[in-house]
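Enquirer:
Residue numbers (the working numbering), protein chains in the order written: chain A, 37 to 151; chain B, 829 to 945.
1. Please state the DSSP three-state secondary structure of residue 915(B).
2. Could you check whether the segment 104–115 of chain A touches the segment 48–66 of chain A, counting it as contact only if at least three pairs of C-beta atoms, one from each stretch, sit closer than 8 Å?
3. Looking at chain A, is there any beta carbon in it that lies within less than 8 Å of the beta carbon of residue 889(B)?
4. Just checking, does the segment 904–924 of chain B make contact with the segment 835–852 of chain B on the three C-beta pairs under 8 Å criterion?
5. Have a look at the DSSP bridge pairing and note the partners of residue 862(B).
6. Given that a residue counts as buried once 16 or more other Cβ atoms are within 10 Å of its Cβ, and exposed if not, what is residue 933(B)?
7. Do residue 901(B) and residue 920(B) count as a contact pair if the criterion is CB distance below 8 Å?
8. Quick check: the segment 127–136 of chain A against the segment 37–55 of chain A, are at least 3 beta-carbon pairs closer than 8 Å?
9. From residue 124(A) to residue 75(A), what distance separates their C-alpha atoms?
10. Please identify the residue among 117(A), 91(A), 72(A) and 139(A) whose C-alpha is closest to the C-alpha of residue 150(A).
11. Any C-beta of chain A within less than 9 Å: which residues of the segment 844–872 of chain B qualify?
12. Please look up how many angstroms separate the CB atoms of residue 78(A) and residue 72(A), rounded, as I've assumed it's under 8 Å.
13. Excluding the five sequence neighbours on either side, which residues of its own chain have a C-beta within less than 8 Å of the C-beta of residue 872(B), listed in chain order?
14. Run down chain B in chain order and give the residues with a C-beta less than 8 Å from the C-beta of residue 143(A).
15. Compile a chain-ordered list of the residues in the segment 66–84 of chain A whose CB is closer than 8 Å to at least one CB of chain B.
16. Looking at the structure shown, is residue 122(A) part of a helix, part of a strand, or coil, going by DSSP?
17. Quick one: is residue 838(B) buried, meaning 16 or more other Cβ sit within 10 Å of its Cβ, or exposed?
18. Tell me whether residue 133(A) sits in a helix, a strand or coil according to DSSP, three-state version.
19. Below 8 Å on the Cβ atoms is my contact criterion, and I expect residue 842(B) with residue 945(B) to pass it. Report the Cβ-Cβ distance as a whole number of Å.
20. For residue 933(B), return the contacting residues in chain A, with the cut-off set at a CB-CB distance below 7 Å.
21. By the three-class DSSP mapping on this structure, what secondary structure does residue 77(A) have?
22. Any heavy atom of the ligand ATP within a distance shorter than 7 Å of the CB on residue 62(A)?
23. Kindly list the residues whose CB is nearer than 6 Å to the CB of residue 154(A), restricted to its own chain and excluding five residues on each side of it in sequence; keep chain order.
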């Protein structure tokens, strides 16, 4: 079964600094990969997704992620963060075994941006 | 993008009562909806998959008699927490799959925070 690991539970960073949030997945078949952001007491908003094609995916709010099949990773990056990027970020995967129907989420990474 | 709305966003109830949470897809038809539960500072755990016109499929460990799911139309799914107890207090989030089957993308509601006293 597919699984997702987000090793960093919390990432503190200063405003305008670059940031990388790590995500590794486990699946033996084709996958779709997603990053979602959750602001306090809100639902999830899609940041970006990889379905196929170019391994570098650009999303909203200046975020991008790169699919690395050999390392089974899908790390999220932003070159310069803002205070407003403070939120919880979830990596998620769906795979061919479930017909890409079921999303499995990682445990999340809290990004804390300070002035 | 597609919009999914949940209601209520917050609900407080007494132990032993039942609470119904609605999930609506506002601008698309959702043949499949998913219900997640999120504990504080934890990830989302899939509770059940709701298919329009058929019985929901529950994940292992989720009591189907406790969490009743009804997907009566292509735009509405409801989750009823029956005889709620304090341990049922949580953040419940629904999501819906649009008609572009195969993209894997889900659209999420704003979530409903249930507090059982």
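Note that the Cβ used here is the ideal one computed from N, Cα and C, for glycine as well.
In this text the structure is predicted, and so the values were computed from the model without any measurement.
Expert: Looking at the atomic coordinates:
1. Helix.
2. Flag = yes, the segment 104–115 of chain A and the segment 48–66 of chain A touch.
3. So, not an interface residue.
4. Yes, the segment 904–924 of chain B touches the segment 835–852 of chain B.
5. Answer by DSSP bridge pairing, in chain order: 877(B) and 923(B).
6. Classification for residue 933(B): buried.
7. In terms of Cβ geometry, residue 920(B) and residue 901(B) do not form a close pair [threshold 8 Å].
8. Contact holds between the segment 37–55 of chain A and the segment 127–136 of chain A, because three or more Cβ pairs, one in each stretch, are under 8 Å apart.
9. Here the alpha carbon of residue 124(A) sits roughly 6 Å from the alpha carbon of residue 75(A).
10. For residue 150(A), the closest C-alpha among the options 117(A), 91(A), 72(A) and 139(A) is that of 117(A).
11. Hits within the stretch, in order: 860, 862, 864, 866, 869, 870, 871 and 872.
12. Not quite, the Cβ-Cβ distance comes to about 11 Å (not below 8 Å), so this is no contact.
13. Counting only Cβ-Cβ distances below 8 Å, and skipping sequence neighbours, we find 864, 865, 866 and 921.
14. Near residue 143(A) (Cβ distances below 8 Å), the residues of chain B are 870 and 871.
15. Residues of the segment 66–84 of chain A that bring their beta carbon within less than 8 Å of a beta carbon in chain B comprise 68, 70, 72, 77, 78, 79, 80, 81 and 82, in sequence order.
16. Of the three classes helix, strand and coil, the one that applies to residue 122(A) here is coil, per DSSP.
17. Result: exposed.
18. Assignment of residue 133(A) by DSSP, reduced to helix, strand and coil, places it in the helix class.
19. With a Cβ gap of about 6 Å, residue 842(B) and residue 945(B) count as contacting.
20. Those within 7 Å of residue 933(B) in chain A are 82 and 85.
21. Taken through DSSP and simplified to helix, strand or coil, residue 77(A) comes out as coil.
22. Among the ligands in the structure shown, none appear at all, so the ligand ATP cannot be discussed.
23. Because chain A spans 37 through 151 in this model, residue 154(A) falls outside it and cannot be assessed.
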